[in-house]
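Asker: After the structure tokens below, expect a handful of questions from me.
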């Protein structure tokens, strides 16, 4: 169903975070298709997975909105987690729009932007609960919600075609420790006004009951840390300020000083202090101070709960941290959940710790983590408060969003739409419906630039890692159709001592040139392609591999290159 030309429409378009967990990027559009104004909510990163060598950070492909950035009113942040704002330092130069967020979210963002060359160019606009912000055809309100980070809020989007509620990440926590409660009265008042659509977090839709309160973790963490006799390290999400508060309180009750290990957790601690959080706790120490304290008087708060290879915990596990060490008899507490896709990296890290004689305690052994996302009873409560006419599940894999749609139907919502990244959903006028698919996908951080994951650079590198590379230089004879010389070098393809294979490859290249039709011998592109195909075919027969192959021709002393693949 295509957009209706000339008719004002209210549309929703996810480019990230719909059909996956992480990398949230949501667009709302209002107006006729050819002149529609746009609002972006969140702009987050994900982390590279196995099969993407050299890629640690990924983010949504923003091409669709970049092409329309002259009609982009602004970017609004629901909260300060990496999967909601972490892509801004990489993507803002393509967007060049104002960024709106809470004081804490902007404090975190400033720290990230400080490492860019354009920090002073980004217009940062603070927002507060109960504030109203007009952006083009959108009038925005903000409602406090509880989450595992301070100052999270849902966004109420009022337009001429109806009101939408974008929840962001949230839960109903009676004791959030740091940050506010979910303002259920405000949500209910919006519901009383009439809500066209609820765009809502799906992460924990399969979990019965409620997610649990942060306040319930203090007693078990205090008891657990008290049972440890040597050094204790607790790893959690670096932006979980409430967990940082709980760990620090439990540590101090056991006579331990808190030492921050990892740049991300240190930056987030500074931002929290700047915004008035953690002020009642004794000051946290840096890693240099740890060398002056007995091992049983320290509790480390570490980055690296998801097995990130460059995080503090990974360096501790490898014995490579510049100023800290974990030894046999120490304990590492994983106060976090496993993000889907990180299981292998976390398992590798934990095995490394175990080999060093370090005890590991996870959520299966003790109550040391609660989720920041709503379980089924909380989702049901949200629908009872807001009472939307349309439910659009987001922030989950397809299986989460499909189950969320079923739950919404059970709660009496008349219409549900499940839309993965790149799916344009018309919410008004008429019944909610999918109208078109637009360009979506992923970009990767490659060094200090961003490139498409589907582009040649990542594709060829991945192929070279798994299949190896062959570099062939052929000097063509001047007076006859023949190879005067063939030089072969390989990377990641031949083991030392496999000279026989190399000789076979060299002979195959010579034969391929001999067998060319005379009419094509003088065409460099044809010769290069014949050599490339011969090398790949011979490698497949001999080694079961199809290497990336680069051919360099020399004819009459002049060189030309090409034929990669």
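Residue numbers (the numbering used here): 78 to 642.
No residue lacks a Cβ here, since even glycine has one placed at the ideal position from N, Cα and C.
Pull the bridge partners of residue 529 from the DSSP assignment, please.
Answerer: For residue 529, which the question treats as bridged, DSSP gives the partners 520.
Asker: Is residue 314 helix, strand or coil by DSSP?
Answerer: Correct three-state label for residue 314: coil.
Asker: Taking the C-alpha atoms as reference points, what is the distance between residue 422 and residue 385?
Answerer: Computed Cα separation, rounded: 7 Å.
Asker: Go through its chain and collect everything with a Cβ distance to residue 617's Cβ below 8 Å, but skip five positions before and after it.
Answerer: Cβ within range, chain order: 623.
Asker: Any chance you could list the alpha helix (DSSP H) runs of at least 4 consecutive residues sitting entirely within the segment 369–405, in chain order?
Answerer: Segments of the alpha helix (DSSP H) lying fully in the segment 369–405: 389–394.
Asker: Report yes or no: do three or more beta-carbon pairs, one from the segment 95–102 and one from the segment 502–516, lie closer than 8 Å?
Answerer: With the cut-off at 8 Å, the segment 95–102 and the segment 502–516 do not touch.
Asker: Count the other CB atoms within 10 Å of the CB of residue 312; is the residue buried (16 or more) or exposed (fewer)?
Answerer: Classification for residue 312: buried.
Asker: What first and last residue would you give for the beta strand (DSSP E) that runs through residue 558?
Answerer: Neither: residue 558 is in no beta strand (DSSP E) and is coded neither H nor E.
Asker: I'd like to check one pair, residue 152 with residue 282: are the Cβ atoms closer than 9 Å?
Answerer: No, they are not a contact pair.
Asker: Quick check on this structure: which residue in 435, 382, 429 has the alpha carbon closest to the alpha carbon of residue 404?
Answerer: For residue 404, the nearest C-alpha among the options comes from 435.
Asker: Should residue 686 be labelled buried (16 or more other beta-carbon atoms within 10 Å of its own) or exposed?
Answerer: With the chain covering only 78 through 642, there is no way to say anything about residue 686.
Asker: In terms of residue numbering, what span does the beta strand (DSSP E) encompassing residue 181 cover?
Answerer: Segment 180–190 is the alpha helix (DSSP H) holding residue 181; no beta strand (DSSP E) there.
Asker: Could you check the C-alpha separation between residue 550 and residue 563 for me, to the nearest Å?
Answerer: Between residue 550 and residue 563, the C-alpha separation is close to 6 Å.
Asker: Below 8 Å on the Cβ atoms is my guess for residue 223 versus residue 250; work out the distance and round it to an integer in Å.
Answerer: Contact flag correct, Cβ pair sits at about 4 Å.
Asker: Using the rule of at least 16 other Cβ atoms within 10 Å of the residue's Cβ for burial, across every protein chain shown, is residue 209 buried or exposed?
Answerer: Burial call: exposed.
Asker: Let me confirm a value: residue 602 is counted as buried when at least 16 other C-beta atoms fall within 10 Å, else exposed. Which label applies?
Answerer: Exposed, since its Cβ has fewer than 16 Cβ neighbours within 10 Å.
Asker: Pull the bridge partners of residue 474 from the DSSP assignment, please.
Answerer: The partner list for residue 474 (beta bridge, DSSP) reads 96.
Asker: Excluding sequence positions up to five away, which residues of its chain have a Cβ less than 6 Å from the Cβ of residue 108?
Answerer: Closer than 6 Å at the Cβ level, and outside the excluded window around residue 108, lie 85, 114.
Asker: With distances taken between CB atoms, is the gap from residue 176 to residue 206 smaller than 9 Å?
Answerer: Not in contact: residue 176 and residue 206 (Cβ atoms no closer than 9 Å).
Asker: My output table needs one value for residue 552: the three-state DSSP class, helix, strand or coil.
Answerer: In this structure, residue 552 counts as strand in the three-state DSSP scheme.
Asker: What does the alpha-carbon distance come out to for the pair residue 257 and residue 234?
Answerer: About 21 Å.
Asker: How should residue 555 be labelled, buried or exposed, when 16 other C-beta atoms within 10 angstroms of its C-beta is the threshold for buried?
Answerer: That one is exposed.
Asker: DSSP three-state call for residue 137: helix, strand or coil?
Answerer: DSSP places residue 137 in strand when its eight states are reduced to three.
Asker: So residue 540 and residue 625 are in contact, right, with Cβ under 8 Å, and what is the actual spacing, rounded?
Answerer: Correct: roughly 5 Å between the Cβ atoms.
Asker: List the residues that DSSP assigns as beta-bridge partners of residue 334.
Answerer: Answer is 375.
Asker: Express the C-alpha separation of residue 553 and residue 399 in angstroms, rounding to a whole number.
Answerer: Residue 399 and residue 553: Cα-Cα distance of roughly 55 Å.
Asker: Work out the CA separation of residue 454 and residue 293 for me, nearest whole Å.
Answerer: One C-alpha to the other measures close to 18 Å.
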